Amino acid sequence: MSTQSKSDKLKKIWILGAGKFGLLALERIIRHLPDVEITLVDNRTDLAAAGATVVCEEGISWLADNMQREETADIIIPCLPVHMVAEWMKLKSSANYEASAVPLPIHLVAKLPNPIKNGGSQLYLSHAEFLCPDNCGEPGFFCTSTGKERAEDMFHLLANIDELPYIPFVVRSYQLLPGVGGIYPEDMWNLLDRLHNCLNKPLLIATACRCHGVLDGLQFRRKGL
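As structure tokens, then:
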């Protein structure tokens, strides 16, 4: 299904974070998808945004409280300075499970494209060695900036990591508009549903589009054990 056909089916969008990229996403969605209902979530008390329902709350907590399996947003645009999927999984499972960071081995990091470490258990990844334009259309086979053939889609690359005992948990970010990508709630729930079969094992929890990704090494164990 094309990006355009996906966008045409959307009725409700949540944007988490109202910094530079959150407001840019809001502007582009209003311009190109004027009939969509938008909720913008940020903890800034002075925030006002025409064209959206503004919620003044911390984004991950609000998401954990409001994202249901049914009757929820069609897609979520993460524009927070944290890895939304990993943080949501930790919070949503916290009644039963305790999460801890898992260091990423040097030999695994070395296999990944242009890794930037954020502490010992989080990586930012990119096929690009330059700052990408914020209006990239994410064409299927060639880089917008260089015109060269793109490497393997990042979401496929990460999902196919074969590095025992690590288990990849990957969610794809789909492009809605140039520079605006989002995650389907169903994909997040599917990851959470896998968790009970992967306790006490090192997980590689990642969100990625075709070119970029963020990855956290986490391990979950049942509380009280």
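So for the sequence shown, my numbering puts the first residue at 1; every next one is plus one. Backbone N, C-alpha and C define an ideal beta-carbon position, used for all residues, glycine too. These figures come from a predicted structure and were not determined experimentally.
- From the listed residues K90, F142, D187, the smallest Cα separation to I76 is found for D187.
- For the pair G59 and G19, the CB atoms are not nearer than the 8 Å cut-off.
- Where L108 is concerned, the enclosing alpha helix (DSSP H) starts and stops at 106-110.
- In this structure, R150 is the residue among P34, R150, S121, P165 with its C-alpha nearest to the C-alpha of C209.
- The Cβ-Cβ distance between M67 and P185 falls below 8 Å.
- DSSP places R210 in no alpha helix (DSSP H); its state is neither H nor E.
- Under the three-pair Cβ rule at 8 Å, the region 151-160 counts as touching the region 212-219.
- Note that the C-beta distance between F220 and L199 is below 8 Å.
- Between the alpha carbons of E138 and T144 lies a distance of about 7 Å.
- Straight-line measurement puts the Cα of A101 at about 11 Å from the Cα of K90.
- F141 and A206 have their C-alpha atoms spaced approximately 22 Å apart.
- For I167, the enclosing beta strand (DSSP E) covers residues 167-172.
- In the assembly as shown, R172 is a buried residue. Its beta-carbon has 16 or more other beta-carbons within 10 Å.
- DSSP, reduced to helix, strand and coil, places L26 within a helical segment of the structure shown.
- CA-CA distance, P105 to R44, rounds to 38 Å.
- As DSSP reads the structure, S126 sits in a beta bridge with H212.
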